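First the structure, in the form of structure tokens, and then the observations on it.
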Amino acid sequence: MNSLSRRSLIVGGISFLALSGRAEASQKSWYIGRIPDQPFDIPLVDKTRIPQQFRRQTVPYLGRETAGTILINKQERFLYYVEDARRAIRFGIAVGRDGQRWNGEAIVGRRAQWPTWTPTANMRRRNPSLPQRVPGGPNNPLGARALYLYRNGQDTLYRIHGTNEPWTIGKAASSGCIRMLNEHVFELFGTVRNGARVVVV
Numbered sequence: 017m018n019s020l021s022r023r024s025l026i027v028g029g030i031s032f033l034a035l036s037g038r039a040e041a042s043q044k045s046w047y048i049g050r051i052p053d054q055p056f057d058i059p060l061v062d063k064t065r066i067p068q069q070f071r072r073q074t075v076p077y078l079g080r081e082t083a084g085t086i087l088i089n090k091q092e093r094f095l096y097y098v099e100d101a102r103r104a105i106r107f108g109i110a111v112g113r114d115g116q117r118w119n120g121e122a123i124v125g126r127r128a129q130w131p132t133w134t135p136t137a138n139m140r141r142r143n144p145s146l147p148q149r150v151p152g153g154p155n156n157p158l159g160a161r162a163l164y165l166y167r168n169g170q171d172t173l174y175r176i177h178g179t180n181e182p183w184t185i186g187k188a189a190s191s192g193c194i195r196m197l198n199e200h201v202f203e204l205f206g207t208v209r210n211g212a213r214v215v216v217v
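Okay, so the sequence shown: first residue is 17 according to this note's numbering, each after it adds one.
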């Protein structure tokens, strides 16, 4: 290798490390603390980085769904947890990209803390570089909690789950699942039970 090639390689490596460092610093800037949890703490997002409409808030509810129902409006990018006939808690979410969305009804078939992520066969066909399995933890794309959606006793392969990419909230960014901030799905996980009705419109 001549000196020019060696110099180019070194400069390129330094540039890559600098970019990686800036990206890591940028991601860390989204967090302002932690929620104690086991076996990992949950990073707490700086809400000033989230648009106002996608922050957690209690809102009037005039719909038909009964208390305990989860209602997801993909167009608005909102998940509602119906508390009673007049009130719901609204959370901002990320939804599936075009062609990877679904509508209909399901139930919460099971729930998991710090879930393992197993990409579906379709995901791996679209992106062969995906790992076969990612154990639960801060680097897992399912985040701190997951609600597994079932229909007619079968796993739909769709989830309501946390995310380690809080900047995607309010966007069409997933492979069809519903993403929430980790602290939001942590709250929802503690509120709903298996069998809860989920309506996606």
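Think of the CB as a built atom: it goes at the ideal place given N, C-alpha and C, for glycine as much as any other residue. Predicted, not measured: the structure shown is a model, and the values here were computed from it.
Check	Outcome
Cα-Cα separation, Gly-112 to Leu-78	26 Å
Contacting residues, own chain, Cβ-Cβ under 6 Å from Ala-128 (five flanking each side not counted)	Ala-162
Whole-angstrom distance between Arg-142 and Asn-170, CA atom to CA atom	Checking the sequence shown, residue 170 turns out to be Gln, not Asn. Going from the Cα of Gln-170 to the Cα of Arg-142 covers about 24 Å.
For Asn-89, the three-state DSSP class (helix, strand or coil)	strand
Cβ-based neighbour list, Asn-210, same chain, cut-off 7 Å, excluding 5 preceding and 5 following	Val-124, Gly-125, Arg-126 and Arg-127
Rounded Cβ spacing between Phe-3 and Ile-86 (contact assumed at less than 8 Å)	The structure shown does not extend to residue 3, since the chain spans only 17 to 217, so no value can be given for it.
Residues of its chain near Tyr-174, where Cβ-Cβ distance is below 7 Å and the 5 sequence neighbours each way are ignored	Trp-118, Leu-165, Gly-192 and Cys-193
Proximity of Val-208 and Gly-120 at Cβ, strictly below 7 Å	no
Collapsed DSSP secondary structure at Ala-212 in the structure displayed	coil
Check whether Thr-74 and Ile-51 have beta carbons under 7 Å apart	no
Cutoff 7 Å; reference Glu-99; Cβ partners in own chain excluding five residues on either side	Ala-83 and Ile-105
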